[in-house]
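In what follows, a single structure is set out as C-alpha coordinates and then discussed.
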(Lines of atoms letter the chains of each structure in order from A; the text may use other names.)
(Lines give C-alpha, C1' and ligand atoms only; values in the text may rest on other atoms or scores of the structure.)
Protein backbone atom coordinates (compact mmCIF):
# COMPACT_ATOMS: atom_id res chain seq x y z
CA UNK A 1 0.00 0.00 0.00
CA UNK A 2 1.34 3.44 -0.91
CA UNK A 3 1.40 6.18 1.69
CA UNK A 4 1.67 8.95 -0.91
CA UNK A 5 -0.03 12.16 0.24
CA UNK A 6 -0.84 10.60 3.62
CA UNK A 7 0.38 12.19 6.85
CA UNK A 8 0.99 10.10 9.97
CA UNK A 9 2.60 10.74 13.35
CA UNK A 10 5.20 8.71 15.26
CA UNK A 11 5.91 9.44 18.93
CA UNK A 12 9.28 8.71 20.50
CA UNK A 13 10.71 8.59 16.99
CA UNK A 14 14.38 8.38 17.96
CA UNK A 15 13.81 5.11 19.82
CA UNK A 16 14.73 1.61 18.65
CA UNK A 17 11.38 0.40 17.30
CA UNK A 18 10.11 3.84 16.32
CA UNK A 19 13.18 4.58 14.19
CA UNK A 20 12.36 1.52 12.10
CA UNK A 21 8.70 2.55 11.92
CA UNK A 22 9.79 5.94 10.56
CA UNK A 23 12.16 4.30 8.07
CA UNK A 24 9.51 1.93 6.70
CA UNK A 25 6.87 4.66 6.57
CA UNK A 26 9.17 6.88 4.51
CA UNK A 27 9.91 3.95 2.21
CA UNK A 28 6.15 3.59 1.64
CA UNK A 29 5.82 7.26 0.73
CA UNK A 30 4.20 8.61 3.90
CA UNK A 31 4.85 12.07 5.26
CA UNK A 32 5.88 11.57 8.88
CA UNK A 33 5.44 13.98 11.78
CA UNK A 34 7.77 12.59 14.44
CA UNK A 35 8.20 13.60 18.07
CA UNK A 36 11.46 13.38 20.01
CA UNK A 37 12.36 14.27 23.58
CA UNK A 38 14.47 17.31 24.35
CA UNK A 39 16.11 16.87 27.77
CA UNK A 40 19.07 19.15 27.02
CA UNK A 41 17.32 22.50 26.53
CA UNK A 42 17.78 22.11 22.78
CA UNK A 43 15.66 24.39 20.64
CA UNK A 44 13.61 23.71 17.55
CA UNK A 45 14.36 25.63 14.39
CA UNK A 46 12.53 25.68 11.06
CA UNK A 47 14.47 24.85 7.91
CA UNK A 48 12.04 25.24 4.99
CA UNK A 49 9.49 22.47 5.56
CA UNK A 50 11.73 20.51 7.95
CA UNK A 51 11.87 20.93 11.70
CA UNK A 52 15.08 19.77 13.28
CA UNK A 53 16.65 19.81 16.72
CA UNK A 54 19.97 21.43 17.48
CA UNK A 55 22.63 21.14 20.19
CA UNK A 56 22.82 17.84 22.11
CA UNK A 57 19.63 16.37 20.66
CA UNK A 58 21.00 16.56 17.12
CA UNK A 59 23.08 13.42 17.73
CA UNK A 60 19.94 11.52 18.74
CA UNK A 61 18.10 12.48 15.57
CA UNK A 62 20.91 12.36 13.01
CA UNK A 63 20.01 8.82 11.95
CA UNK A 64 16.41 9.90 11.28
CA UNK A 65 17.42 12.89 9.18
CA UNK A 66 19.69 10.61 7.12
CA UNK A 67 16.86 8.25 6.11
CA UNK A 68 15.78 8.10 2.47
CA UNK A 69 12.90 10.52 2.01
CA UNK A 70 13.56 12.38 5.27
CA UNK A 71 14.53 15.64 3.61
CA UNK A 72 11.22 15.84 1.77
CA UNK A 73 8.75 14.07 4.08
CA UNK A 74 10.01 13.98 7.69
CA UNK A 75 9.17 16.64 10.27
CA UNK A 76 10.63 16.45 13.78
CA UNK A 77 8.84 18.00 16.73
CA UNK A 78 9.91 18.51 20.32
CA UNK A 79 7.43 16.81 22.68
CA UNK A 80 7.52 15.56 26.27
CA UNK A 81 5.25 12.64 27.11
CA UNK A 82 4.84 13.92 30.66
CA UNK A 83 3.82 17.41 29.54
CA UNK A 84 0.11 17.62 28.76
CA UNK A 85 -0.65 19.15 25.38
CA UNK A 86 2.88 18.89 24.00
CA UNK A 87 1.77 16.34 21.40
CA UNK A 88 -1.08 18.41 20.00
CA UNK A 89 0.97 19.83 17.13
CA UNK A 90 2.48 16.41 16.41
CA UNK A 91 -0.82 14.62 15.82
CA UNK A 92 -2.79 17.51 14.32
CA UNK A 93 -3.69 16.77 10.71
CA UNK A 94 -2.50 13.15 10.85
CA UNK A 95 -4.51 10.19 9.59
CA UNK A 96 -2.89 7.85 12.07
CA UNK A 97 -0.64 7.90 15.13
CA UNK A 98 2.05 5.31 15.93
CA UNK A 99 2.47 5.79 19.67
CA UNK A 100 5.76 4.26 20.80
CA UNK A 101 6.98 6.95 23.22
CA UNK A 102 7.32 5.81 26.82
CA UNK A 103 9.23 7.28 29.78
CA UNK A 104 11.69 4.69 31.08
CA UNK A 105 13.08 4.62 34.61
CA UNK A 106 15.43 2.08 36.18
CA UNK A 107 15.10 3.36 39.76
CA UNK A 108 11.72 2.17 40.98
CA UNK A 109 10.46 1.82 44.54
CA UNK A 110 8.91 -1.63 43.99
CA UNK A 111 10.97 -3.54 41.44
CA UNK A 112 8.85 -6.72 41.33
CA UNK A 113 7.67 -7.10 37.73
CA UNK A 114 7.42 -3.33 37.45
CA UNK A 115 8.04 -3.25 33.71
CA UNK A 116 5.33 -5.78 32.86
CA UNK A 117 2.87 -4.08 35.20
CA UNK A 118 3.57 -0.66 33.71
CA UNK A 119 2.94 -1.93 30.19
CA UNK A 120 -0.27 -3.69 31.23
CA UNK A 121 -1.66 -0.65 33.04
CA UNK A 122 -0.68 1.67 30.18
CA UNK A 123 -2.46 -0.51 27.64
CA UNK A 124 -5.55 -0.79 29.84
CA UNK A 125 -5.65 3.00 30.13
CA UNK A 126 -5.25 3.35 26.36
CA UNK A 127 -8.13 0.98 25.64
CA UNK A 128 -10.35 2.82 28.13
CA UNK A 129 -9.49 6.22 26.63
CA UNK A 130 -10.00 5.16 23.02
CA UNK A 131 -13.32 3.49 23.82
CA UNK A 132 -14.60 6.58 25.62
CA UNK A 133 -13.48 8.89 22.81
CA UNK A 134 -14.39 6.81 19.76
CA UNK A 135 -10.80 6.28 18.62
CA UNK A 136 -9.83 3.26 16.51
CA UNK A 137 -6.85 1.60 18.20
CA UNK A 138 -4.74 -1.50 17.62
CA UNK A 139 -2.18 -2.74 20.17
CA UNK A 140 1.09 -4.34 19.10
CA UNK A 141 2.63 -6.50 21.84
CA UNK A 142 6.12 -7.75 20.92
CA UNK A 143 8.36 -10.10 22.84
CA UNK A 144 12.07 -9.35 23.31
CA UNK A 145 12.89 -7.15 20.34
CA UNK A 146 16.31 -7.53 18.73
CA UNK A 147 17.77 -6.82 15.31
CA UNK A 148 19.90 -4.09 13.71
CA UNK A 149 20.03 -0.68 15.36
CA UNK A 150 19.36 2.55 13.50
CA UNK A 151 19.85 4.80 16.53
CA UNK A 152 23.38 5.51 17.89
CA UNK A 153 22.63 4.36 21.44
CA UNK A 154 22.26 0.85 22.88
CA UNK A 155 18.68 -0.01 23.77
CA UNK A 156 17.71 -2.25 26.66
CA UNK A 157 16.25 -5.16 24.67
CA UNK A 158 19.40 -5.71 22.59
CA UNK A 159 21.67 -5.59 25.62
CA UNK A 160 21.27 -9.33 26.45
CA UNK A 161 22.75 -10.24 23.05
CA UNK A 162 25.66 -7.84 23.53
CA UNK A 163 26.45 -9.42 26.90
CA UNK A 164 26.58 -12.89 25.33
CA UNK A 165 29.18 -11.82 22.75
CA UNK A 166 31.15 -9.38 24.87
CA UNK A 167 32.88 -11.38 27.56
CA UNK A 168 30.10 -12.91 29.64
CA UNK A 169 31.29 -16.03 31.50
CA UNK A 170 27.80 -17.54 31.70
CA UNK A 171 24.44 -17.27 29.97
CA UNK A 172 21.21 -16.66 31.93
CA UNK A 173 18.70 -19.41 32.63
CA UNK A 174 15.98 -17.59 30.73
CA UNK A 175 13.61 -18.46 27.91
CA UNK A 176 13.03 -15.44 25.68
CA UNK A 177 10.24 -14.54 23.24
CA UNK A 178 12.42 -13.28 20.38
CA UNK A 179 11.18 -11.05 17.58
CA UNK A 180 12.91 -8.97 14.91
CA UNK A 181 12.61 -5.18 15.21
CA UNK A 182 11.88 -4.94 11.48
CA UNK A 183 8.94 -7.32 11.86
CA UNK A 184 7.61 -5.26 14.77
CA UNK A 185 7.86 -2.02 12.80
CA UNK A 186 6.21 -3.63 9.79
CA UNK A 187 3.38 -4.93 11.97
CA UNK A 188 2.65 -1.41 13.19
CA UNK A 189 2.23 -0.21 9.61
CA UNK A 190 0.22 -3.25 8.49
CA UNK A 191 -2.16 -2.68 11.41
CA UNK A 192 -2.68 0.91 10.25
CA UNK A 193 -3.12 0.04 6.58
CA UNK A 194 -5.49 -2.89 7.17
CA UNK A 195 -8.97 -1.54 7.90
CA UNK A 196 -10.01 -4.87 9.43
CA UNK A 197 -7.15 -4.90 11.96
CA UNK A 198 -8.42 -4.75 15.53
CA UNK A 199 -7.56 -5.65 19.09
CA UNK A 200 -4.20 -6.98 20.22
CA UNK A 201 -1.43 -8.59 18.18
CA UNK A 202 1.23 -10.60 20.02
CA UNK A 203 4.46 -10.60 18.02
CA UNK A 204 6.81 -13.47 18.81
CA UNK A 205 8.93 -14.96 16.07
CA UNK A 206 10.50 -17.75 18.11
CA UNK A 207 10.61 -18.84 21.74
CA UNK A 208 14.02 -20.19 22.65
CA UNK A 209 16.05 -20.74 25.80
CA UNK A 210 19.31 -18.84 26.04
CA UNK A 211 21.23 -22.13 25.81
CA UNK A 212 20.00 -22.52 22.24
CA UNK A 213 20.80 -18.92 21.40
CA UNK A 214 24.44 -19.26 22.43
CA UNK A 215 24.70 -22.33 20.19
CA UNK A 216 23.37 -20.30 17.27
CA UNK A 217 25.81 -17.49 18.04
CA UNK A 218 28.76 -19.92 18.11
CA UNK A 219 27.77 -21.27 14.71
CA UNK A 220 27.31 -17.77 13.28
CA UNK A 221 30.42 -16.24 14.84
CA UNK A 222 32.98 -18.95 15.66
CA UNK A 223 35.69 -16.35 16.31
CA UNK A 224 33.77 -14.78 19.19
CA UNK A 225 33.99 -15.99 22.77
CA UNK A 226 30.50 -17.19 23.65
CA UNK A 227 29.66 -18.50 27.15
CA UNK A 228 29.12 -22.25 27.47
CA UNK A 229 27.96 -22.44 31.08
CA UNK A 230 24.59 -21.49 32.51
CA UNK A 231 24.49 -18.96 35.33
CA UNK A 232 22.84 -21.48 37.69
CA UNK A 233 22.45 -25.23 38.12
CA UNK A 234 18.68 -25.23 38.09
CA UNK A 235 16.67 -26.95 35.34
CA UNK A 236 16.31 -24.78 32.27
CA UNK A 237 13.18 -22.66 32.23
CA UNK A 238 10.70 -24.37 29.90
CA UNK A 239 9.76 -23.14 26.46
CA UNK A 240 6.14 -22.55 25.54
CA UNK A 241 4.09 -21.36 22.58
CA UNK A 242 2.63 -18.00 21.58
CA UNK A 243 0.18 -18.10 18.68
CA UNK A 244 1.35 -16.42 15.47
CA UNK A 245 -2.01 -16.78 13.74
CA UNK A 246 -3.32 -13.24 14.18
CA UNK A 247 0.02 -11.69 13.26
CA UNK A 248 0.27 -13.84 10.15
CA UNK A 249 -3.29 -12.97 9.10
CA UNK A 250 -2.24 -9.32 9.42
CA UNK A 251 0.53 -10.06 6.93
CA UNK A 252 3.55 -10.34 9.21
CA UNK A 253 6.25 -12.69 7.94
CA UNK A 254 8.63 -13.44 10.78
CA UNK A 255 12.36 -13.23 10.19
CA UNK A 256 14.27 -16.41 11.16
CA UNK A 257 16.06 -16.02 14.50
CA UNK A 258 19.39 -16.93 12.90
CA UNK A 259 19.09 -14.00 10.50
CA UNK A 260 18.04 -11.63 13.27
CA UNK A 261 20.94 -12.65 15.53
CA UNK A 262 23.44 -12.28 12.70
CA UNK A 263 22.15 -8.82 11.79
CA UNK A 264 22.08 -7.78 15.45
CA UNK A 265 25.70 -8.72 16.11
CA UNK A 266 26.91 -7.15 12.89
CA UNK A 267 25.04 -3.95 13.75
CA UNK A 268 26.54 -3.87 17.25
CA UNK A 269 30.01 -4.30 15.78
CA UNK A 270 29.41 -1.61 13.15
CA UNK A 271 28.42 0.82 15.92
CA UNK A 272 31.51 -0.12 17.98
CA UNK A 273 29.65 -1.58 20.95
CA UNK A 274 32.24 -4.37 21.11
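In UniProt numbering, the protein residues as written are 1 to 274. C-beta: ideal position from N, C-alpha, C; glycine also. Model, not experiment: these values are computed from the prediction.
Item: Could you check what DSSP says for residue 141 in three-state terms: helix, strand or coil?; Value: strand
Item: What ranges does the beta strand (DSSP E) occupy inside the region 170-248, keeping only unbroken runs of at least 3 residues that lie completely in it?; Value: 175-180, 199-203, 206-209
Item: Taking 6 Å as the limit between beta carbons, can you name the residues of its chain near residue 137, skipping five residues before and five after?; Value: 130
Item: Residue 76 lies in the beta strand (DSSP E); which residues open and close that run?; Value: 74-78
Item: Going by Cα to Cα distance, which pick from 269, 184, 196, 233 is closest to residue 224?; Value: 269
Item: If you count every other CB in all the chains shown that lies within 10 Å of the CB of residue 37, and 16 or more means buried, which is it?; Value: buried
Item: Taking residue 143 and residue 177 to be in contact with their CB atoms under 8 Å, please state how far apart those CB atoms are, rounded to whole angstroms.; Value: 3 Å
Item: Could you have a look at residue 31 and say whether DSSP puts it in helix, strand or coil?; Value: strand
Item: Under 9 Å between the Cβ atoms of residue 206 and residue 257?; Value: yes
Item: Could you tell me if residue 21 is buried or exposed, where buried requires 16 or more neighbouring beta carbons within 10 angstroms of its beta carbon?; Value: buried
Item: Could you work out which residue in 96, 85, 19, 59 is closest to residue 67 when comparing CA atoms only?; Value: 19
Item: Where does residue 200 land, buried or exposed, given buried means 16+ other C-beta within 10 angstroms?; Value: exposed
Item: Out of curiosity, what's the CA-to-CA distance linking residue 77 and residue 32?; Value: 11 Å
Item: Please look up how many angstroms separate the CB atoms of residue 175 and residue 239, rounded, as I've assumed it's under 8 Å.; Value: 5 Å
Item: Identify the continuous alpha helix (DSSP H) that holds residue 264 and give its terminal residues.; Value: 257-270
Item: Let me know if residue 249 comes out buried or exposed under the rule of 16 or more other beta-carbons within 10 Å of its beta-carbon.; Value: exposed
Item: Cβ of residue 125 within 9 Å of Cβ of residue 139?; Value: no
Item: Expressed to the nearest angstrom, what Euclidean distance is found between the alpha-carbon atoms of residue 214 and residue 197?; Value: 36 Å
Item: Can you pull the DSSP bridge partners for residue 11?; Value: 99
Item: Just reading off the alpha helix (DSSP H) that residue 157 is part of, what are its end residues?; Value: Per DSSP, residue 157 belongs to no alpha helix (DSSP H) and is neither H nor E.
Item: Taking 9 Å as the threshold (C-beta atoms), are residue 118 and residue 16 in contact?; Value: no
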